[in-house]
Amino acid sequence: MSRGTSYQEVMARKGEIVNQAVGIDYQEFERPPIAFDYEEMMRTAGYSLDEVRAIQGEMNVGETPLMELKNITRLVRQLAPPGKGARIFLKDEAANPSGSFKDRRAAVSCYHAALKGYKGVIAATSGNYGAAVASQAARRGLKCIIVQEVFDSRGVGQPEIIEKGRACEAYGAEVWQLTVGPELFYTFLRLLEETGYFNASLYTPFGIAGVETLGYEIAEELREREGRAPDVVIATHAGGGNITGTGRGLIKAGSGRTVLVGASVDLSGLHMASDADFNRKSFTTGHTGFGVPFATKADRADVPRNAARSLRYMDRYVTVTQGEVFYVTEMLAQLEGLQRGPAGNTSLAAAVVSIAQELSEQQIVVVNETEYTGAGKHPTAQLTFARRNGVEVRRGDPRENRPGRAIVIPEDPGQIRAVDVDLDALRRSNIKNALEGLPEGYAPGPEEIRFLAGETRTDEAYVRQALEELLL
Amino acid sequence: MAFSAQTDAIAHKGDWVQIYRIVLEAGARAPQVPEDTQQVSLEARIKGFMEDGSARIGQKVAIQTLAGRRVEGELVVVNPAYGHDFGEPIPELLAIGPELRRMLE
């Protein structure tokens with residue numbers, strides 16, 4: 292039987308294609324119409340922490356160095372009020388085989404795909420995850436296809452994504468380089484259907500279980516070396532997997548009281564699916580264009596239930612500007628001798644800035660990742676590209692930064708400031724989205740209210756209040 | 009037809025090439041796509057080894073990808089280069105190192 296290939300026809304088969312390609316029966320966790328059993332899904336469909344450690348250990352993924360940034364800490368203390376300025380540590384995730392923390396996710400997905408007898412894996416990603424999947428697939432003897440959003444309609448490619456495509460090809464993957472548009476997902480579904488490969492989604496329980504070791508290692512190593520848990524951990528936030536996995540790992544290590552901060556690059560005002568805006572942004576991930584929509588509606592992912600649910604774990608959410616991240620990337624190279632990022636340095640920018648300065652000198656803030664740098668994804672490559680696309684690059688007050696129009700690189704580290712995002716607004720929007728499609732006036736029952744409280748890291752009274760306001 | 013800088017090139021069986029295909033025509037795109045994107049096609053570029061015979065830029069060919077699959081499309085580049093680089097020196101960034109080091113002296 293030949294099946295239709297129009298956008299609408301393929302999207303109508305989405306559930307069927309994805310179920311086949313992930314091998315999880317998501318139905319068994321559903322508690323309709325609103326809730327699903329998240330912990331049950333993580334427990335039965337995913338892997339335990341010990342299993343993940345064994346899988347990653349076999350592939351030399353994880354156990355990356357935790358570095359103390361002593362020079363940056365000294366600098367921050369010059370900016371902070373007396374007695375303030377926490378010690379800053381950095382988990383050097385660039386030391387993973389393909390150069391980012393995404394190897395942790397890919398290691399588990401590819402292990403699972405090989406175990407279940409899939410011949411290959413597919414991932415739709417323009418980020419480091421593509422290289423991670425390609426690298427792990429190579430080690431497991433699996434075929435690999437990576438689908439990326441690379442070019443605008445003029446055929447001009449974002450240098451950071453071209454570099455990531457090169458890395459995928461270097462690891463032996465077939466790379467589909469697409470022009471701008473959310474139909475990346477459509478293309479991905481057609482390829483899954485055509486090949487019968489495993490969907491190495493970023494958002495399965497396997498992938499998220501893979502990140503738990505990151506939070507766990509941070510807590511374990513600090514306890515051993517410093518005799519204390521981290522006071523604050525900062526994670527770059529996009530799709531939610533970094534926050535979710537790190538948060539779960541911290542809890543499993545007994546560090547549930549650590550404050551977990553998400554940080555994104557502010558790209559507000561740029562439309563993520565716009566052909567014209569595409570090459571006017573210098574960050575292809577770790578930005579608000581993913582961070583905000585995924586926080587308010589996690590299930591927009593390529594699986595029916597997203598295992599990455601950032602609002603369940605995030606205590607605070609901040610943004611920094613593109614110019615601030617480039618500045619801090621330069622700081623990391625010049626003061627600590629580490630060329631990393633830039634996108635992975637979003638959380639470092641937030642740390643240096645406000646967050647370490649708010650804490651006392653005895654406290655510890657951990658930036659949970661770095662990523663490899665290279666041609667295309669280096670600050671000089673990105674800023675050269677920005678100028679060629681008509682974006683102004685200059686030094687000045689970072690508050691004058693305008694996504695897509697001006698990248699303003701601070702003149703002084705004291706100008707850098709992480710801006711708090713209103714988490715309450717995101718929580719309310721998350722609750723509102725959970726009610727989408729239900730009959731007007733639907734009143735969630737006690738189990739559903741408990742679910743929404745878990746989803747938003749609040750309590751039942753909070754959810755009741757929010758629901759009352761929504762129904763008005 | 010896709011833009012190609014190699015107008016006269018010829019590819020032979022076994023050559024490493026890039027092909028081009030339209031995945032969704034303008035007008036058949038996802039409904040949620042903004043107006044500027046609706047007006048252009050969703051295009052794909054894929055690399056692999058030319059399967060048979062010889063072809064000129066713009067002709068339809070089949071390739072074998074690194075995943076060992078056969079994919080068809082229009083030939084756009086023979087031996088496609090990675091053109092990305094580290095860009096130009098950025099004076100605005102170069103100044104930062106010395107400034108920060110002075111602060112720590």
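As you go down the protein sequences, you meet chains C and P in turn.
Following the working numbering from start to finish, the first sequence increments by one per residue and tops out at 763.
Following the working numbering from start to finish, the second sequence increments by one per residue and tops out at 113.
Where a beta carbon is used, it is the ideal one built from N, C-alpha and C, also for glycine.
The beta-carbon separation of L483 of chain C and I98 of chain P, rounded to 41 angstroms, does not stay under the 8 angstroms limit for a contact. Secondary structure note for M58 of chain P: its beta strand (DSSP E) is the uninterrupted segment 50 to 58. At least 8 angstroms separates the beta-carbon of R596 of chain C from that of Y420 of chain C. DSSP, reduced to helix, strand and coil, places Q653 of chain C outside both helices and strands of the structure shown, so it counts as coil.
Contact annotation for I379 of chain C against chain P: no contact, minimum CB-CB distance about 14 angstroms [criterion: below 9 angstroms]. In the DSSP assignment, C459 of chain C forms no beta bridge with any residue. DSSP places A312 of chain C within a helical segment (H, G or I) once states are collapsed to three.
For T45 of chain P, the C-beta contacts it makes with chain C under 7 angstroms involve V471, G472, A564, S565, D566, in order along the chain. Taking one beta carbon from each stretch, the region 569 to 583 of chain C and the region 508 to 525 of chain C have fewer than 3 pairs nearer than 8 angstroms; the two do not touch.
If you look at R607 of chain C, you'll find it in the beta strand (DSSP E) that goes 607 to 611. Here S638 of chain C carries a helix assignment [DSSP, helix/strand/coil]. By the Cβ-count criterion, H578 of chain C is buried, with 16 or more other Cβ atoms from all chains shown falling within 10 Å of its own Cβ.
In the structure shown, the three-state DSSP call for M358 of chain C is strand. Each of C:G337, C:N692, C:E512 was checked against the Cα of T355 of chain C, and the nearest Cα belongs to C:E512. In the structure shown, the three-state DSSP call for E80 of chain P is strand. In this model, G95 of chain P and L558 of chain C are separated by some 22 angstroms (Cα to Cα).
Between G745 of chain C and R603 of chain C, the CB-CB gap stays under 8 angstroms. Buried is the label assigned to Y477 of chain C, since at least 16 other Cβ atoms lie within 10 Å of its Cβ. With 16 or more neighbouring CB atoms inside 10 Å of its own CB, P694 of chain C falls in the buried class.
Secondary structure of V712 of chain C (DSSP, three-state): coil. No Cβ-Cβ contact shorter than 8 angstroms links S555 of chain C with A589 of chain C. Here DSSP, grouped into helix, strand and coil, assigns E702 of chain C to coil. Going by DSSP, Q347 of chain C is part of the alpha helix (DSSP H) stretching over 340 to 349. Sequence-distant Cβ neighbours of T747 of chain C in its own chain, meaning closer than 6 angstroms and more than five residues away, are L602, R718, N721.
Among the residues facing chain C, A17 of chain P is not included, as its CB has no counterpart in that chain under 8 angstroms away. In the structure shown, E465 of chain C falls within a strand segment according to DSSP collapsed to helix, strand and coil.
Three or more beta-carbon pairs separated by less than 8 angstroms link the region 370 to 380 of chain C to the region 645 to 664 of chain C, which places the two stretches in contact. Residue state for G560 of chain C is assigned as coil, using DSSP reduced to three classes. Per DSSP, I740 of chain C lies in no beta strand (DSSP E); the unbroken alpha helix (DSSP H) holding it starts and ends at 737 to 747. Nearest neighbour of F574 of chain C by Cα position, chosen from C:T612, C:I646, C:R600, C:K410, turns out to be C:T612. Apart from the 5 residues on each side of it in sequence, I308 of chain C sits with its Cβ closer than 6 angstroms to the Cβ of L480, L483, E484 in its chain, given in chain order.
Contacts with chain P (Cβ-Cβ distance below 9 angstroms) from the region 652 to 673 of chain C involve G665, A666, G667, K668, H669, P670, T671, A672, Q673, listed in chain order.
Contiguous beta strand (DSSP E) elements confined to the region 373 to 411 of chain C occur at 378 to 382, taking only those with 3 or more residues. Ranking C:S645, C:D688, C:A734, C:P735 by CA distance to the CA of P372 of chain C puts C:S645 first. According to DSSP, residue pairing for A429 of chain C in a beta bridge does not occur.
About 10 angstroms separates the beta carbon of V754 of chain C from that of L761 of chain C, a gap too long to meet the 8 angstroms contact definition.
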